[in-house]
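One structure is given below, encoded as structure tokens.
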Ligand code: BGC
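Residue numbers (this note's numbering): 372 to 787.
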């Protein structure tokens with residue numbers, strides 16, 4: 372009896388290990404979704420694929436904004452070991468497509484009618500040379516403020532609508548002994564704030580000229596200097612321990628009533644939700660003062676690395692799953708972003724999500740939708756990283772605003 376059972380157990384173990392081996396080989400996904408809120412959203416994708424019998428091999432690379440993930444990706448590809456699928460932003464997709472590394476997803480895109488439902492602003496990055504090379508999972512935007520409602524109420528602070536009102540609000544919080552701005556001093560986080568500050572300071576035409584067209588005059592202008600001056604003001608409202616802090620730990624300061632504001636993309640909402648906080652009750656979401664009409668967006672897309680002449684069945688299934696309307700709703704409700712498809716109803720989204728969807732549609736309609744400089748949607752990584760260096764050096768007081776403007780012009784020039 373015993374030996375019969377053990378035979379069964381052995382047989383089962385062999386079967387189980389071969390199944391899990393087969394599954395493990397299915398899709399290996401490289402991503403940087405490692406915070407609590409991000410992991411919860413990723414789980415929605417994992418579960419969805421699991422339900423379809425597609426195995427998941429996780430390749431997380433910590434580090435917000437994906438800087439480290441892109442370094443790991445380069446190393447993997449160079450050593451001839453590219454992952455099956457990779458989370459990517461904007462111009463990084465284009466750069467890899469230019470190298471001929473990405474699988475052509477046209478078959479699944481045309482079978483699923485992606486052309487009709489993915490907005491032009493995203494298609495610009497999902498396609499290379501007219502061919503689909505990535506499946507967009509969401510649209511995030513960077514010009515948001517996440518605020519602690521209790522602190523604002525206790526101090527009688529109204530939602531700031533202008534730069535001056537924001538400065539007055541930050542001052543009031545600082546005077547009360549709390550931290551006004553929860554921030555993590557990492558280049559991509561400094562740059563995320565700069566997205567909003569430049570938009571608020573110079574307006575949409577200026578943002579376009581400076582960050583997207585890389586117009587020298589705009590980059591070297593007094594308006595840019597004023598934007599840097601405003602960064603110095605914000606710097607005076609962060610706490611002493613801001614240097615190197617991860618973005619989700621900065622979110623936690625707002626969540627835990629330690630800080631009043633975080634200027635961050637809407638992935639921050641994922642952290643508030645994960646902590647059981649509710650929009651309008653515990654926290655407020657609003658556009659960075661002076662950018663109420665604009666949206667500086669970034670979209671997480673999944674590109675499939677070539678494994679043969681055509682994408683594998685698993686790669687196609689992953690791409691199809693990512694673009695399914697029900698998945699786009701379920702995933703983005705948790706992630707804090709909004710769907711990449713225009714035909715997904717906002718029914719399941721909370722107040723911030725509904726606002727995000729409305730803002731995106733309105734900005735796109737009125738010509739106020741711009742790719743985020745900080746998140747790879749304004750220029751290729753070479754230019755983005757050159758900007759990061761200057762923004763961070765200025766934020767940390769290594770450059771005054773005048774020097775920063777000059778450095779920005781020359782760094783961008785050299786990077787092109
Ligand atoms: C990505 C988000 C991510 C955030 C922080 C952004 O670049 O688009 O999905 O949550 O970085 O890691």
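Quick reminder that beta carbons are idealized off the backbone N, C-alpha and C, glycines included.
### Message
For residue 773, list the residues DSSP reports as bridge partners.
### Response
None; residue 773 has no bridge partner.
### Query
Which term fits residue 486, buried or exposed, when burial requires 16 or more other beta carbons within 10 angstroms of its beta carbon?
It is exposed - the Cβ of residue 486 has fewer than 16 other Cβ atoms within 10 Å.
### For residue 445, the first and last residue of its enclosing alpha helix (DSSP H)
Residue 445: member of the alpha helix (DSSP H) spanning 438 to 449, first to last residue.
### Task
Select from 557, 614, 689 and 523 the residue whose C-alpha is nearest the C-alpha of residue 542.
For the residues 557, 614, 689 and 523, the minimum Cα distance to residue 542 belongs to 523.
### Task
Name the one or two DSSP bridge partners that residue 669 has.
The partner list for residue 669 (beta bridge, DSSP) reads 511.
### Message
Quick check on residue 463: buried or exposed, where buried means 16 or more other Cβ atoms within 10 Å of its Cβ?
### Response
When all chains shown are included, residue 463 counts as buried.
### Message
Taking 7 Å as the limit between beta carbons, can you name the residues of its chain near residue 394, skipping five residues before and five after?
### Response
The pLDDT assigned to residue 394 is 41, lower than 50, so where the model puts this residue is not dependable; a value taken from the coordinates is nonetheless given after this. Counting only residues of its own chain and dropping the five nearest sequence neighbours on each side, residue 394 has a CB closer than 7 Å to the CB of 426.
### Query
For ligand 1, is there a heavy atom less than 6 Å away from the beta-carbon of residue 402?
No heavy atom of ligand 1 is found nearer than 6 Å to the CB of residue 402.
### Message
Can you give me the C-alpha to C-alpha distance between residue 628 and residue 512, rounded to a whole angstrom?
### Response
Near 24 Å, if we compare the C-alpha coordinates of residue 512 and residue 628.
### Message
Quick check: does the Cβ of residue 437 come within less than 6 Å of any heavy atom belonging to ligand 1?
### Response
Relative to ligand 1, the beta carbon of residue 437 is positioned inside 6 Å of a heavy atom.
### Residue from 409, 418, 445 and 683 with nearest C-alpha to residue 470
When the alpha-carbon of residue 470 is set against those of 409, 418, 445 and 683, the nearest one is in 445.
### Query
Within 6 Å: the Cβ of residue 642 and any heavy atom of ligand 1?
Answer for residue 642: no, Cβ out of range of ligand 1.
### Task
Counting only the same chain and skipping the five closest in sequence on each side, list residues whose C-beta sits under 7 Å from that of residue 526.
Correct list, in chain order: 543, 544 and 547.
### Query
So which of 410, 553, 478 and 591 has the shortest CA-CA distance to residue 774?
Ranking the options by Cα distance to residue 774, first place goes to 591.
### Query
Do residue 640 and residue 707 have their C-beta atoms within less than 7 Å of each other?
Going by C-beta atoms, residue 640 is nearer than 7 Å to residue 707.
### Within 7 Å, strictly: CB atoms of residue 493 and residue 670
Taking 7 Å as the Cβ cut-off, residue 493 and residue 670 qualify as a contacting pair.
### Task
Using only alpha-carbon positions, find the residue among 655, 520, 578 and 733 that is nearest to residue 743.
When each option's Cα is compared against that of residue 743, the closest is 578.
### Cβ contact check for the stretch 582 to 601 and the stretch 681 to 690: 3 or more pairs under 8 Å
The stretch 582 to 601 makes no contact with the stretch 681 to 690: fewer than 3 CB pairs, one atom from each, lie closer than 8 Å.
### Message
Are there any heavy atoms of ligand 1 lying less than 6 Å away from the beta-carbon of residue 334, as far as the coordinates show?
### Response
Residue 334 lies beyond the stretch modelled for the chain, which goes from 372 to 787, so this question has no answer here.
### Exposure label - residue 392; buried when at least 16 CB within 10 Å
Per-residue confidence for residue 392 stands at a pLDDT of 39, beneath the threshold of 50, marking its modelled position as unreliable; the derived number appears in the next sentence. Its Cβ having fewer than 16 others within 10 Å, residue 392 is exposed.
### Task
Kindly indicate which three-state DSSP category residue 661 falls into: helix, strand or coil?
In the structure shown, residue 661 sits in coil (DSSP, three-state: anything other than H, G, I, E or B).
#### Entry: Start-to-end residues for the alpha helix (DSSP H) that takes in residue 590
For residue 590, the enclosing alpha helix (DSSP H) starts and ends at 587 to 590.
### Task
Just tell me which of 556, 489 and 459 has its CA closest to the CA of residue 634.
Measuring from the Cα of residue 634, the nearest candidate turns out to be 556.
### Message
Can you tell me where the beta strand (DSSP E) holding residue 742 begins and where it ends?
### Response
Under the DSSP assignment, residue 742 falls in the beta strand (DSSP E) whose first and last residues are 740 to 742.
### Task
Evaluate residue 612 with the Cβ neighbour count: other Cβ atoms within 10 Å of its Cβ, from every protein chain shown; 16 or more gives buried, anything less gives exposed.
Exposed: under 16 other Cβ atoms inside 10 Å.
### Task
Please go through the same chain and pick out, in chain order, the residues whose beta-carbon is closer than 8 Å to the beta-carbon of residue 569, but skip the five residues on each side of it.
The beta carbon of residue 569 sits closer than 8 Å to the beta carbons of 577, 578, 581, 582, 595, 598 and 744 from its chain, once the five residues preceding and following it are set aside; these are given in chain order.
### Task
Give the DSSP-derived three-state secondary structure of residue 460 in the structure shown.
Residue 460 falls in the strand class under three-state DSSP.
### Message
Just to confirm my understanding: we take residue 698, look at its own chain, exclude 5 residues before and 5 after, and list those with CB closer than 7 Å. What are they?
### Response
For residue 698, where only same-chain residues beyond five positions count, the Cβ hits under 7 Å are 419 and 692.
### Task
Compare the beta carbon distance of residue 705 and residue 411 with 7 Å and say whether it is the shorter of the two.
Cβ distance < 7 Å, so residue 705 and residue 411 count as in contact.
### Task
Return the CA-CA distance between residue 787 and residue 416, expressed in angstroms with no decimal places.
Looking at the backbone, the Cα of residue 787 and that of residue 416 are separated by about 37 Å.
### Query
Is the Cβ of residue 658 closer than 7 Å to any Cβ of chain D?
Among the chains of the structure shown, chain D does not appear; only one protein chain is present.
### Task
Find out if the Cβ-Cβ distance for the pair residue 452, residue 625 is shorter than 7 Å.
With contacts defined as CB atoms closer than 7 Å, residue 452 and residue 625 fail to qualify as a contacting pair.
### Task
Would you check if the stretch 659 to 677 and the stretch 724 to 743 touch, i.e. whether three or more CB-CB distances between them fall below 8 Å?
In this structure the stretch 724 to 743 touches the stretch 659 to 677; the number of beta carbon pairs closer than 8 Å is three or more.
#### Entry: Every unbroken alpha helix (DSSP H) inside the stretch 713 to 773 [4 residues or more]
The qualifying runs are 722 to 736 and 752 to 766.
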